[in-house]
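Here the structure comes first, spelled out in structure tokens, and everything after it is commentary.
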């Protein structure tokens, strides 16, 4: 955890976090040395300890900040939507846009789980479960209302999140397609993948005619 | 590249490769030391150089072996199939089953691209493009034949491969669902995601009736 420091100190702590993200993204957590990190922000190695207890607490701090931000922003994105298809579209669009703008954080949060100590890892895994749980609930509700075909909501959740997060592996802001175009392509893939095949809009109509 | 060694030597080279996979998977390539690696296979550090020029050539060897194997086996899986939907199902099933059995290799091949020297990286990226190109071609052919809705085959290829490869992040052989059940769930997600919404089986029938 970041120690209590003044406003200058808070800026330095933030600079250390940013440099940490950059170096871990480039070299991996275990390979990053505190000496490298100190040089990157123009400090002596020893001075780092005013801001972070150790390398592990810096990694934990980076990943936890990222997860807290992700959880609060996804709630905003879903706020006020009740239809499962609307909620699914909102979740997909949010996830993609967020991941296209924070690629290094996402990479670290996903790849360096292995480098977190058990207690830290448990806390991050619990936050990730909450984030995944929102999509799982959307899929289950869609299935209950007869809109989605979902055999196993948990597996579908993992599959969809992997698909969306994979955009971090190749997305470039100056690429061929805009964020909007990419969101449309992925949204079609996801909604088509869970929609009741062959009966997407037809089911409610048929019911109405029979009633 | 592995040096020319006798049959005992070939076994040792293979043991080094396996230990390398394990250590890189656990710690990351940059963090793995040759001393650690030598200890893992019961050799002196210096003896490693009889088998591999250096740490970089070991990584390259591991990743190239993996890609060669992937390319030759996917060809077998698609052999004799001409219908785009059959080919898509075969590609999805192959990719999942292969990745469920070689999780550490896959993780390394995907994550340690960053640690390969430029020339090595170019060779691996070209092999990966060949592998992705097979799926891309299936999607384009399906779209041309009016079976699939695919706005951008390249993006859909990346999206589908990320979805499928993501299984390495959580699959356990002793888990709740069998490989067959998982393949079915993912195949439904992928084929539903690219099928022409609402008209999957209906199109050919309607055409036949009109003809």
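Residue numbers (UniProt numbering), protein chains in the order written: chain X, 1 to 211; chain R, 1 to 211. We treat Cβ as the ideally placed atom computed from N, Cα and C, and that holds for glycine.
Distance CB(residue i)-CB(residue j) smaller than 8 Å
{"i": "residue 9 of chain X", "j": "residue 51 of chain X", "result": "yes"}
{"i": "residue 162 of chain X", "j": "residue 136 of chain X", "result": "no"}
{"i": "residue 88 of chain X", "j": "residue 146 of chain X", "result": "no"}
{"i": "residue 187 of chain R", "j": "residue 185 of chain X", "result": "no"}
{"i": "residue 78 of chain X", "j": "residue 91 of chain X", "result": "yes"}
{"i": "residue 193 of chain X", "j": "residue 193 of chain R", "result": "yes"}
{"i": "residue 67 of chain R", "j": "residue 124 of chain R", "result": "yes"}
{"i": "residue 183 of chain X", "j": "residue 134 of chain X", "result": "no"}
{"i": "residue 27 of chain X", "j": "residue 30 of chain R", "result": "yes"}
{"i": "residue 148 of chain X", "j": "residue 81 of chain X", "result": "no"}
Neighbour flag for residue i against chain X, beta carbons, 8 Å
{"i": "residue 156 of chain R", "result": "yes"}
{"i": "residue 96 of chain R", "result": "no"}
{"i": "residue 12 of chain R", "result": "no"}
{"i": "residue 178 of chain R", "result": "no"}
{"i": "residue 146 of chain R", "result": "no"}
{"i": "residue 183 of chain R", "result": "no"}
{"i": "residue 70 of chain R", "result": "no"}
{"i": "residue 30 of chain R", "result": "yes"}
{"i": "residue 27 of chain R", "result": "yes"}
{"i": "residue 162 of chain R", "result": "yes"}
{"i": "residue 190 of chain R", "result": "yes"}
CA nearest to the CA of residue i, picked from the options
{"i": "residue 14 of chain R", "options": "R/27, R/40, R/176 and R/28", "result": "R/40"}
{"i": "residue 60 of chain R", "options": "R/146, R/113 and R/175", "result": "R/113"}
{"i": "residue 55 of chain X", "options": "X/36, X/68, X/72 and X/11", "result": "X/36"}
{"i": "residue 16 of chain X", "options": "X/68, X/62 and X/84", "result": "X/62"}
{"i": "residue 76 of chain R", "options": "R/115, R/65, R/95 and R/169", "result": "R/95"}
{"i": "residue 65 of chain R", "options": "R/108, R/160 and R/38", "result": "R/108"}
{"i": "residue 102 of chain R", "options": "R/170, R/33, R/181 and R/144", "result": "R/170"}
{"i": "residue 212 of chain X", "options": "X/130, X/115 and X/181", "result": "Lying outside 1 to 211, the shown extent of chain X, residue 212 of chain X is not represented and no answer is given."}
{"i": "residue 138 of chain R", "options": "R/32, R/38 and R/191", "result": "R/191"}
{"i": "residue 12 of chain R", "options": "R/58, R/33, R/32 and R/24", "result": "R/58"}
{"i": "residue 132 of chain R", "options": "R/158, R/46, R/176 and R/115", "result": "R/158"}
8 Å Cβ cutoff, residue i in contact with chain R
{"i": "residue 135 of chain X", "result": "no"}
{"i": "residue 195 of chain X", "result": "yes"}
{"i": "residue 51 of chain X", "result": "no"}
{"i": "residue 58 of chain X", "result": "no"}
{"i": "residue 63 of chain X", "result": "no"}
{"i": "residue 223 of chain X", "result": "Past the boundaries of the shown model lies residue 223 of chain X; chain X is included only from 1 to 211, so the question cannot be answered."}
{"i": "residue 151 of chain X", "result": "yes"}
{"i": "residue 169 of chain X", "result": "yes"}
{"i": "residue 159 of chain X", "result": "yes"}
{"i": "residue 111 of chain X", "result": "yes"}
{"i": "residue 166 of chain X", "result": "yes"}
For residue j and residue i, believed in contact at Cβ under 8 Å, the rounded distance
{"i": "residue 167 of chain R", "j": "residue 100 of chain R", "result": "6 Å"}
{"i": "residue 21 of chain R", "j": "residue 105 of chain R", "result": "6 Å"}
{"i": "residue 189 of chain R", "j": "residue 156 of chain X", "result": "6 Å"}
{"i": "residue 179 of chain X", "j": "residue 97 of chain X", "result": "6 Å"}
Counterpart residues of residue i in DSSP-defined beta bridges
{"i": "residue 148 of chain X", "result": "X/195"}
Residue i Cβ short of 7 Å to the ligand FMN heavy atom set
{"i": "residue 158 of chain X", "result": "Among the components of this structure there are no ligands whatsoever, and the ligand FMN is therefore not found."}
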